[in-house]
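K.L.:
In this note's numbering, the protein residues as written are 18 to 307.
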């Protein structure tokens with residue numbers, strides 16, 4: 018497949034870039050916390066599934082600034098975005114879902130993608146606020162206040178899902194969009210429902226699930242790791258595949274695939290107690306459908 022070949026080339030390019038030095042994203046976070054967003058934690062004051070952010074920092078102080086990324090990260094992005102946006106083979110058939118982004122964006126211009134997970138009721142728009150990772154925990158896709166919230170992409174990610182790791186969040190309480198992620202802790206359920214589909218303006222991309230687990234980790238992955246540093250990306254994935262929690266479901270057969278393609282999505286359902294239900298999947302193909 019063309020993309021798999023080019024991703025491999027990008028890995029080599031970015032590894033060479035990293036070796037040349039430059040400030041890592043972790044260092045950037047330590048030196049200037051005004052460029053990152055604090056992680057979501059649960060609001061346990063009520064019975065709803067709404068989560069909130071740490072009150073120690075206000076949103077005005079944590080807006081990501083794409084113009085102040087370290088040189089190594091900017092170069093890494095250039096390398097990672099170099100692949101051709103062409104059709105790639107996918108497995109099986111695409112869900113029969115018609116997404117009219119023009120109509121959706123008439124209601125809310127923050128809609129950037131659409132996600133479908135067969136075997137679940139997840140069939141929803143994906144939104145992004147460039148300056149907030151909290152807003153859509155407490156608002157619906159119609160911009161109205163809603164304790165269930167909706168699915169949104171990390172404000173530090175690109176909306177075209179070309180980052181090495183793209184993070185999607187939503188509430189995982191009973192009324193939350195990611196309530197059903199917990200089903201993937203059942204390995205037989207994972208095997209029967211292993212594909213995730215992300216629709217964009219021009220393509221539908223297929224991802225294959227490789228990990229489902231629960232965690233008390235609340236720091237945003239995009240803050241904790243510089244995924245454009247291939248060594249950090251590798252360490253991050255190795256830690257996931259080495260999880261020995263009996264409640265986790267890990268498909269070790271996809272370890273090498275996840276490493277070589279350098280393109281995964283991470284879905285994080287935020288529970289009422291602040292813990293996370295995590296589902297991760299690796300790129301498995303893409304095709305144009307419009």
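Here a beta-carbon is modelled for each residue, glycine too, at the ideal position from N, C-alpha and C.
1. Can you check whether the CB of residue 178 is closer than 8 Å to the CB of residue 282?
2. Helix or strand or just coil, what does DSSP make of residue 140?
3. Going by the CB atoms, is the gap between residue 226 and residue 211 shorter than 8 Å?
4. Kindly list the residues whose CB is nearer than 6 Å to the CB of residue 242, restricted to its own chain and excluding five residues on each side of it in sequence; keep chain order.
5. Are the beta-carbon atoms belonging to residue 133 and residue 140 less than 8 Å from one another?
6. With residue 118 and residue 145 assumed to form a contact (beta carbons below 8 Å), what rounded beta-carbon distance in angstroms separates them?
7. Between residue 176 and the rest of its own chain, which residues show a CB-CB distance below 7 Å, the 5 nearest in sequence each way excluded?
8. For residue 118, does the three-state DSSP call read helix, strand or coil?
9. Could you please give the first and the last residue of the uninterrupted alpha helix (DSSP H) stretch that includes residue 178?
10. With distance defined between alpha-carbon atoms, name the residue in 167, 199, 116 and 150 nearest to residue 137.
11. Can you give me the C-alpha to C-alpha distance between residue 149 and residue 172, rounded to a whole angstrom?
12. Alpha carbon to alpha carbon, how far is residue 135 from residue 213? Give it in angstroms, no decimals.
13. Would you say residue 251 faces chain B, with C-beta separation under 8 Å as the test?
14. Where do the ends of the alpha helix (DSSP H) carrying residue 298 lie?
P.N.:
Inspection of the coordinates gives the following:
1. yes
2. strand
3. yes
4. 249 and 253
5. yes
6. Contact flag wrong, Cβ pair sits at about 13 Å.
7. 129, 130, 145 and 170
8. helix
9. Here residue 178 belongs to no alpha helix (DSSP H), and DSSP marks it neither H nor E.
10. 199
11. 6 Å
12. 7 Å
13. No chain B appears in this structure, which consists of one protein chain only.
14. Not the alpha helix (DSSP H): residue 298 falls in the beta strand (DSSP E), residues 293-305.
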